[in-house]
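Enquirer:
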Amino acid sequence: MMKKNSNETSKNDKIIKNISSILSELGENTSREGLLRTPERYAKSMRFLTSGYETELKNIIGKGIFTDKSSEMVIVRDIELFSLCEHHLLPFYGKAHVAYIPKGKIIGLSKIPRIVDMFARRLQVQERLTNQISNTLMKVLKPHGVAVIIEAHHLCMMMRGVEKQNSKTVTSSMLGSFRTNSTTRKELLSLLNGLARS
Ligand SMILES: [Zn+2]
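All letters in the sequence shown, in the order written, are residues 195 to 392 by the numbering used here.
#1: Rounded to a whole number of angstroms, what is the C-alpha to C-alpha distance between Thr249 and Ser265?
#2: Of all residues in the structure, which have a C-beta closer than 5 Å to any heavy atom of ligand 1, taken in chain order?
#3: Just to check my reading of the structure: Glu345 and Lys362 have Cβ atoms closer than 8 Å, yes? What is that Cβ distance to the nearest angstrom?
#4: Just to confirm before moving on: does the CB-CB distance between Ile301 and Phe313 stay below 7 Å?
#5: Going by alpha carbons, who is nearest to Tyr294 out of Met351, Lys333 and Lys211?
#6: Just to confirm, are Leu383 and Gly339 a CB contact at a threshold of 7 Å?
#7: From Asn360 to His347, what distance separates their C-alpha atoms?
#8: Quick one: residues in its chain with C-beta nearer than 6 Å to the C-beta of Met196, no 5 flanking neighbours on either side, listed in chain order?
#9: Grab the span of the alpha helix (DSSP H) containing His236 for me, first residue to last.
#10: Closest to Lys270 by C-alpha separation, out of Arg235, Gly355 and Val342, would be which residue?
#11: Hey, is Arg241 close to ligand 2, as in C-beta under 6 Å from one of its heavy atoms?
#12: According to DSSP, is Met196 helix, strand or coil?
#13: Find the nearest neighbour of Lys252 within the set Ile309, Glu274 and Ser214, judged by alpha-carbon distance.
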């Protein structure tokens, strides 16, 4: 345990030193009050924002999967999502909507947002994040189908580059019956749209 802690500290030491030199390179005075502990805070915050690499799926799921005869569509919508774009290390944020059609197994509803967080707390592109969530649910539940839709704002587009402040990126991953059955897909989309209006 002691060893792990001291490794952590020395890993953070490297980040702290490097961020400090980036700040100097940007023309900042790293010894002014507001910046004194910024490299240290940055290291901690980046550790948290990338902590999803170390999260174990089995720890999230625990005993949260149950046998059940239901085969009606389950939708968890408007899951808050915060991630970091791997191209610019700037945040993207928005909402994830996750649906599945059970085939003998259901998952505790609180587990789904935690699976979203596990993949969002990594350096990401929105497309991969969407697929990782759907593939994980497909693997652990073996349901009739899984659908994941993510709508997100990317600060790398809003603050720089094309500066499109209001554009939203939508990605989706449809697996199993959501992919093969257009009626199922339409049912999902009309449920999501209908709920959006209410
Ligand atoms: Zn970006």
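All C-beta atoms in this analysis are idealised placements derived from N, C-alpha and C, irrespective of residue type, glycine included.
Everything numeric in this text was worked out from a predicted model, so none of it was measured.
Expert: On the basis of the coordinates in this document:
#1: Along the sequence shown, read from residue 1 onward, the residue named residue 249 stands at position 55. Along the sequence shown, read from residue 1 onward, the residue named residue 265 stands at position 71. Put simply, the backbone Cα of Thr249 is about 30 Å away from that of Ser265.
#2: Around ligand 1, the residues selected by a Cβ distance under 5 Å to any of its heavy atoms are Cys279, His281, His282 and Cys350, following chain order.
#3: For the purposes of this step, residue 345 is taken as the residue at position 151 of the sequence shown. For the purposes of this step, residue 362 is taken as the residue at position 168 of the sequence shown. The Cβ separation is near 5 Å, so the contact holds.
#4: Along the sequence shown, read from residue 1 onward, the residue named residue 301 stands at position 107. Along the sequence shown, read from residue 1 onward, the residue named residue 313 stands at position 119. The answer is no: Cβ separation not under 7 Å.
#5: Locating residue 294 in the sequence shown gives position 100, where the first residue counts as 1. Selected option, being the one with the closest Cα: Lys333.
#6: As a first step, residue 383 is located in the sequence shown; it is residue number 189 there, counting from the start. As a first step, residue 339 is located in the sequence shown; it is residue number 145 there, counting from the start. Cβ atoms of Leu383 and Gly339: not closer than 7 Å.
#7: Here residue 360 is taken as the residue at index 166 of the sequence shown, counted from 1. Here residue 347 is taken as the residue at index 153 of the sequence shown, counted from 1. Roughly 8 Å between the two C-alpha positions.
#8: For the purposes of this step, residue 196 is taken as the residue at position 2 of the sequence shown. The pLDDT assigned to Met196 is 47, lower than 50, so where the model puts this residue is not dependable, and the model offers no usable value.
#9: Within the sequence shown, the letter at position 42 stands for residue 236. The displayed chain sequence assigns Tyr, not His, to residue 236. Run containing Tyr236: Thr232 to Leu243, per the alpha helix (DSSP H) assignment.
#10: Here residue 270 refers to the residue found at position 76 when the sequence shown is read from its first residue. Just to set this straight, residue 270 is Val in the shown sequence, not Lys. Residue Val342 is the option with its Cα nearest to Val270.
#11: This structure simply doesn't include ligand 2; it includes ligand 1 instead.
#12: As a first step, residue 196 must be located in the sequence shown, where it is residue number 2. With a pLDDT of 47 at Met196, under the threshold of 50, the modelled position of this residue cannot be trusted; read the value that follows with caution. Reduced to three states, the DSSP call for Met196 is helix.
#13: In the sequence shown, counting from the first residue as 1, residue 252 sits at position 58. Of Ile309, Glu274 and Ser214, the residue nearest in Cα terms is Ile309.
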